[in-house]
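For reference, the structure discussed in these notes is given below.
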Amino acid sequence: MADEKEAKPAPEGEGKKKGGMKPVLFLVAGAVVGGAGVVFMVPPKEVVKVVGPPQPEIEQVELPDLWEFTFNPRVERGYKVAQVSFYIVYKQDKHKEEEVTKTLKTNWNRAYSRCMEVLKNTPPATLGSMDGMQKLRAKLRDELSASLFPDGVATVDDILWKKFSVQ
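Quick note: the sequence shown uses the numbering used here, first residue 1449, plus one each step.
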């Protein structure tokens, strides 16, 4: 019996589907129209800009003043004389230039004195080697940062040697 039903051709009006939109298309069309309505009905998002302190603009400044020292380095025997001269390069915020200048003027003599202490306590063997010069540069850089800018408004970035001799 089941074979008979399959074998019989369907009458002309019953088996064919009529043309039209499928239910899936109605769902898609509803989603598009509904979504568009939500987009048009929601007010635009407002962007709030937070204004804080200005971002620091860091610049390197080379002091035009030459720091010159003639001193007797620490020796175990004999008598040595050393001559050292250098320029200082420091980093500062452009917005705090006046404060940095005031701090430099205030602490200039203290920094000069501290440099002399560091240089006099350096043995001549250290002054004569390249590795020793680099270590001395690091010591002077740290000492100058601490003595010139104790409030941290700027930092000494580099020491530029002009003259360096030990006799």
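The C-beta atom is built at its ideal place from N, Cα and C for all residues, glycine as well.
Provide the residue span of the alpha helix (DSSP H) that contains E1516, from first to last. On the sequence shown, residue 1516 is found 68 positions in, with the first residue counted as 1. Taken as a continuous stretch (DSSP letters only), E1516 belongs to no alpha helix (DSSP H), being part of the beta strand (DSSP E) at W1515 to F1519.
State the CB to CB distance for the pair K1602 and K1539, rounded to an integer number of angstroms; the pair is presumed to be in contact (CB under 8 Å). Counted from its first residue, the sequence shown places residue 1602 at position 154. Counted from its first residue, the sequence shown places residue 1539 at position 91. One detail in the question is off: residue 1602 reads as Ala in this sequence, not Lys. At roughly 6 Å, the Cβ-Cβ gap stays under 8 Å, so A1602 and K1539 are in contact.
To test your reading of the DSSP string, which unbroken alpha helix (DSSP H) runs of 4 or more residues are found completely within the segment 1543 to 1613? For the segment 1543 to 1613, whole alpha helix (DSSP H) runs of length 4 or above, ordered along the chain, are 1545 to 1568, 1572 to 1576 and 1578 to 1596.
Using the Cβ count rule (16 or more neighbours within 10 Å means buried), how would you classify T1549? To locate residue 1549, count along the sequence shown from 1; it is residue 101. The residue in question, T1549, is exposed, as its Cβ has fewer than 16 Cβ neighbours within 10 Å.
V1476 in three-state terms, based on DSSP: As a working mapping, residue 1476 is identified with position 28 in the sequence shown. Collapsing the DSSP output to three states places V1476 in a helix.
So Y1538 is in the beta strand (DSSP E); what residue range does that whole segment cover? Residue numbering aside, residue 1538 sits at position 90 when the sequence shown is read from its first letter. For Y1538, the enclosing beta strand (DSSP E) begins and ends at A1530 to D1541.
For L1608, which residues from the same chain have a beta carbon less than 7 Å from its beta carbon, with the 5 sequence-adjacent residues on both sides left out? Position 160 of the sequence shown, counting from 1, holds the residue named residue 1608. Cβ neighbours of L1608 beyond the five flanking positions: F1534, Y1535 and V1537.
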